[in-house]
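J.: Dropping a structure here in structure tokens format, bear with me for questions.
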Ligand code: AMP
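Numbering (the numbering used here), first residue to last: 40 to 678.
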């Protein structure tokens with residue numbers, strides 16, 4: 040359509056139209072070159088393939104270049120990393136000038152020894168730190184800055200060495216940086232630009248004391264840039280005093296994130312969820328999909344289950360080591376695995392492009408996490424979609440999310456997918472609630488959920504209830520009554536008397552009658568258990584107990600240093616001695632004890648058992664013997 044119009048225009052009209060278009064473009068979408076960035080940094084922008092600044096970049100870059108502090112509300116996926124790195128690195132001094140002749144590469148690093156950093160970026164997670172480092176290195180390839188990253192979960196030594204060599208920019212997670220400061224490996228005296236990235240999340244993770252400690256170690260005269268998904272007082276109020284007369288940039292309120300993401304909801308019963316996930320992945324294709332779950336354990340089990348269904352998976356969550364997380368992300372980026380199963384560790388900030396769709400297997404606890412989760416797809420204007428599973432347990436939380444977004448998700452077409460019977464009825468014509476549930480309502484829901492979980496647990500594995508006090512008393516009274524009755528019955532003929540609890544001494548006839556009339560006596564414990572749990576279960580339990588006992592005995596024997604081999608050897612020696620003794624005349628057997636030709640015990644002077652050592656009776660010399668040839672205390676082998 041547009042081409043046809045253009046064809047119809049004359050050359051002059053064409054030129055006029057182009058000019059108009061340019062003017063309009065420059066008003067609606069500013070260019071990087073309009074923002075005041077140097078040629079060097081513009082070259083870096085071109086290297087990274089950015090054509091036009093995103094709104095947060097357009098609003099922040101001029102303010103930062105002017106040296107102002109910044110308070111920016113921008114969630115991940117908006118281009119905020121470049122928004123703070125481009126203008127700061129444009130003006131940042133170098134610990135060693137990159138232009139210095141001969142001072143390149145290794146030699147330049149040596150010249151920087153111990154200096155810096157001049158800029159510090161604090162970010163809550165390792166993944167975010169590494170992502171920032173990547174953008175940082177891309178810009179530094181032009182500006183010549185030296186960047187170092189320090190994060191937890193990896194060795195200290197390389198990080199200390201890198202800091203000792205000196206750097207311009209330090210990207211760090213708060214915990215590890217404080218450790219390094221306390222060990223005297225990180226010095227923040229020269230920090231003149233401080234960036235607090237994802238400040239809300241940093242505080243959510245409980246890093247406020249570390250942040251305060253870090254900020255206290257930086258120069259007082261500095262530029263501070265604070266980026267957060269929200270500037271809500273309740274979330275980041277504790278650190279907004281760190282910025283001085285800031286420029287405020289509020290580009291994309293957190294609730295409007297998902298404009299480019301089509302959202303769907305799938306009501307499903309709890310028991311059908313696992314099967315439904317596999318079915319959805321098979322129906323829509325499993326390639327380049329992120330599945331979000333609530334807990335670390337669920338992430339692992341979900342990944343295993345998908346693998347069993349033939350879908351290749353990686354899992355990423357807080358319990359995985361740094362190396363495991365990196366491998367999972369790399370495999371997913373490179374397409375070696377189709378699906379990435381993740382907890383909210385991944386929801387924020389991780390830059391994985393080209394995610395086809397996101398599945399919220401569990402509704403997230405925090406509505407803002409939902410926004411971050413679905414923000415993984417449909418990035419930088421690409422199209423993407425998300426699907427959220429809702430059960431009766433969490434449908435209310437999902438409605439909260441819709442209230443926050445002031446829009447509803449469409450119902451997913453579940454044809455061919457088994458969603459079970461007990462799914463929540465979600466109306467396609469619903470309107471979002473005016474506001475999400477308050478604290479009281481959330482508390483009530485938590486309690487209700489706990490109660491439901493407990494009920495389910497009880498149905499699943501019937502547990503043996505601990506006897507109640509009332510039952511104990513009743514049983515004791517019944518036993519006492521039975522004993523009393525027995526005593527009266529047996530009357531004059533010696534009543535059975537209790538010797539020990541649980542053991543009853545009975546007369547012979549009584550015992551015989553008990554043996555011959557099993558139905559009259561109370562079944563013993565094993566019988567009672569067999570009746571209650573079935574013969575097999577009891578036999579299995581008994582075998583298990585015996586095995587455990589044997590294992591315990593073996594363990595005890597081993598710890599006493601008695602190996603089976605040693606035992607066999609000792610038995611062999613004992614048998615040999617016994618055979619020899621049997622061959623001797625019984626009365627003279629003791630005489631052989633001192634027979635020089637038949638030494639007993641160990642030879643090397645140790646005491647070596649009953650008659651082996653010098654201090655033992657077996658080694659008594661001739662002088663200690665009585666005239667009869669017996670040794671003291673010896674009865675001549677007759678007793
Ligand atoms: P961020 O919000 O910093 O995590 O960035 C999200 C994604 O947007 C990253 O993949 C960036 O490479 C990309 N990005 C940042 N700025 C631009 C831009 N001006 N044009 C296109 N993509 C961008």
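Even for Gly, the Cβ is constructed at its ideal location relative to N, Cα and C.
(1) Comparing alpha-carbon positions, which option in 410, 422, 341, 348 lies nearest residue 437?
(2) Which whole-angstrom value is the C-beta distance of residue 360 and residue 192, which I expect to be below 8 Å?
(3) Using a threshold of 8 Å, is the CB atom of residue 170 nearer than that to any non-hydrogen atom of the ligand AMP?
(4) For residue 101, which three-state DSSP category applies?
(5) Please tell me whether residue 332 and residue 401 are closer than 9 Å, where the distance is taken between their beta carbons.
(6) Less than 8 Å separating the Cβ of residue 174 from some heavy atom of the ligand AMP?
(7) Of all the options 346, 445, 154, 255, which has the alpha carbon lying nearest to the alpha carbon of residue 224?
(8) So is the beta-carbon of residue 128 under 8 Å away from any non-hydrogen atom of the ligand AMP?
(9) Mind checking residue 415: buried by the 16 CB within 10 Å criterion, or exposed?
(10) Reducing DSSP to helix, strand and coil, say where residue 175 ends up.
(11) By Cβ distance, which residues of its chain are closer than 8 Å to residue 577, with the 5 residues on each side in sequence left out?
(12) Taking the beta strand (DSSP E) that residue 306 belongs to, which residues open and close that run?
(13) Candidates 257, 234, 80: which alpha carbon is nearest residue 88's?
(14) Assign residue 244 to one of three DSSP states: helix, strand, or coil.
(15) Any heavy atom of the ligand AMP closer than 8 Å to the Cβ of residue 117?
(16) Any chance the CB of residue 594 is under 8 Å from a heavy atom of the ligand AMP?
(17) Less than 8 Å between the CB of residue 88 and some heavy atom of the ligand AMP, yes or no?
(18) If you reduce the DSSP assignment to three classes, tell me which class residue 341 lands in.
(19) Going by DSSP, what residue range makes up the beta strand (DSSP E) through residue 426?
(20) Could you tell me the boundaries of the alpha helix (DSSP H) in which residue 365 lies?
(21) For residue 152, I'd like the list of residues in its chain whose CB is within less than 6 Å of its CB, leaving aside the five on either flank, ordered along the chain.
(22) Is any heavy atom in the ligand AMP found nearer than 8 Å to the beta carbon of residue 120?
(23) Give the secondary structure of residue 684 by DSSP, where H, G and I count as helix, E and B as strand, and everything else as coil.
(24) Quick one: is residue 367 buried, meaning 16 or more other Cβ sit within 10 Å of its Cβ, or exposed?
(25) Which stretch, first to last residue, makes up the alpha helix (DSSP H) that contains residue 437?
(26) Would you be able to state if there are at least three C-beta pairs under 8 Å between the region 123-132 and the region 164-184?
(27) By the 10 Å Cβ neighbour count, where 16 or more other Cβ atoms means buried, how is residue 511 classified, buried or exposed?
(28) Going by alpha carbons, who is nearest to residue 160 out of 563, 210, 266?
(29) Within the present structure, is the beta-carbon of residue 269 separated from the nearest heavy atom of the ligand AMP by less than 8 Å?
(30) Please state the DSSP three-state secondary structure of residue 67.
(31) Alpha carbon to alpha carbon, what distance is there between residue 521 and residue 509?
(32) Would you kindly report the start and end of the unbroken beta strand (DSSP E) that includes residue 266?
(33) Report yes if the C-beta of residue 93 is less than 8 Å from at least one heavy atom of the ligand AMP; otherwise report no.
(34) How about residue 238: is its Cβ closer than 8 Å to a heavy atom in the ligand AMP?
(35) Can you tell me whether residue 687 is buried or exposed, with buried defined as 16 or more other CB within 10 angstroms of its CB?
(36) Mind the definition here: the region 303-321 touches the region 345-352 only if three or more C-beta pairs lie below 8 Å; say whether that holds.
T.: This is what the structure holds:
(1) Working through the chain shown from its first residue, we reach residue 437 at position 398. Answer by Cα proximity: 410.
(2) What you label residue 360 is simply residue 321 of the chain shown in a count that begins at 1. What you label residue 192 is simply residue 153 of the chain shown in a count that begins at 1. Going by Cβ atoms, the distance from residue 360 to residue 192 rounds to 6 Å, so yes, they are a contact pair.
(3) Here the question's residue 170 lines up with position 131 in the chain shown. It does: the Cβ of residue 170 is within 8 Å (strictly closer) of some heavy atom of the ligand AMP.
(4) Numbered from its first residue, the chain shown carries residue 101 at position 62. Correct three-state label for residue 101: helix.
(5) Along the chain shown, one-based indexing puts residue 332 at 293. Along the chain shown, one-based indexing puts residue 401 at 362. Against a cut-off of 9 Å, the Cβ pair of residue 401 and residue 332 comes out as a contact.
(6) Here the question's residue 174 lines up with position 135 in the chain shown. Distance from the C-beta of residue 174 to the nearest heavy atom of the ligand AMP is below 8 Å.
(7) Locating residue 224 in the chain shown gives position 185, counting from the first residue. The shortest C-alpha to C-alpha distance from residue 224 to any of 346, 445, 154, 255 is the one to 154.
(8) As a position in the chain shown, residue 128 is number 89, starting the count at 1. Checking the 8 Å criterion, the Cβ of residue 128 is out of range of every heavy atom belonging to the ligand AMP.
(9) Your numbering for residue 415 matches position 376 in the chain shown. So residue 415 ends up on the buried side.
(10) Walking along the chain shown from the start, residue 175 turns up at place 136. When DSSP states are grouped into helix, strand and coil, residue 175 belongs to the helix group.
(11) Locating residue 577 in the chain shown gives position 538, where the first residue counts as 1. Taken in chain order, the residues that qualify are 565, 568, 569.
(12) Here residue 306 refers to the residue found at position 267 when the chain shown is read from its first residue. Here the beta strand (DSSP E) through residue 306 covers 300-306.
(13) Taking the chain shown and counting its residues from 1, the one referred to as residue 88 is at position 49. Residue 80 is the option with its Cα nearest to residue 88.
(14) For the purposes of this step, residue 244 is identified with residue 205 of the chain shown, where counting begins at 1. If DSSP states are grouped into helix, strand and coil, residue 244 belongs with coil.
(15) Start at 1 with the first residue of the chain shown, and residue 117 comes out as number 78. At least one heavy atom of the ligand AMP is nearer than 8 Å to the Cβ of residue 117, so yes.
(16) Along the chain shown, read from residue 1 onward, the residue named residue 594 stands at position 555. No, since every heavy atom of the ligand AMP falls outside the 8 Å radius drawn around the Cβ of residue 594.
(17) Numbered from its first residue, the chain shown carries residue 88 at position 49. Yes - the ligand AMP has a heavy atom lying nearer than 8 Å to the Cβ of residue 88.
(18) By 1-based counting over the chain shown, the position of residue 341 is 302. Assignment of residue 341 by DSSP, reduced to helix, strand and coil, places it in the helix class.
(19) For the purposes of this step, residue 426 is identified with residue 387 of the chain shown, where counting begins at 1. Secondary structure note for residue 426: its beta strand (DSSP E) is the uninterrupted segment 423-429.
(20) Taking the first residue of the chain shown as 1, we reach residue 365 at position 326. Unbroken alpha helix (DSSP H) run through residue 365: 361-372.
(21) Residue numbering aside, residue 152 sits at position 113 when the chain shown is read from its first letter. Taken in chain order, the residues that qualify are 205.
(22) Mapped onto the chain shown, residue 120 falls at position 81. At least one heavy atom of the ligand AMP lies less than 8 Å from the C-beta of residue 120.
(23) This structure gives no information on residue 684, because the portion of the chain shown stretches from 40 to 678.
(24) Here residue 367 is taken as the residue at index 328 of the chain shown, counted from 1. Buried: at least 16 other Cβ atoms inside 10 Å.
(25) Here residue 437 refers to the residue found at position 398 when the chain shown is read from its first residue. Taken as a continuous stretch (DSSP letters only), the alpha helix (DSSP H) holding residue 437 covers 434-444.
(26) Segment contact: the region 164-184 against the region 123-132, three or more CB-CB distances shorter than 8 Å; contact assigned.
(27) Taking the chain shown and counting its residues from 1, the one referred to as residue 511 is at position 472. Around the Cβ of residue 511, a 10 Å sphere holds fewer than 16 other Cβ atoms; the residue is exposed.
(28) For this step, residue 160 is matched to residue 121 along the chain shown. For residue 160, the nearest C-alpha among the options comes from 210.
(29) For the purposes of this step, residue 269 is identified with residue 230 of the chain shown, where counting begins at 1. Flag unset: Cβ of residue 269 not near the ligand AMP.
(30) If you number the chain shown from 1, residue 67 lands on position 28. Because the pLDDT at residue 67 is just 46, under 50, the model does not fix this residue reliably, and the point stays unresolved.
(31) Position 470 of the chain shown, counting from 1, holds the residue named residue 509. Position 482 of the chain shown, counting from 1, holds the residue named residue 521. A straight-line Cα-Cα distance of about 19 Å links residue 509 and residue 521.
(32) To locate residue 266, count along the chain shown from 1; it is residue 227. Looking at the DSSP string, the run of the beta strand (DSSP E) that includes residue 266 is 262-267.
(33) Position 54 of the chain shown holds residue 93. Yes, Cβ of residue 93 sits closer than 8 Å to a heavy atom of the ligand AMP.
(34) As a working mapping, residue 238 is identified with position 199 in the chain shown. No, the Cβ of residue 238 stays beyond 8 Å of every heavy atom of the ligand AMP.
(35) In the structure as shown, the chain begins at 40 and stops at 678. Residue 687 is therefore absent and cannot be evaluated.
(36) With the rule of 3 Cβ pairs closer than 8 Å, the region 303-321 counts as touching the region 345-352.
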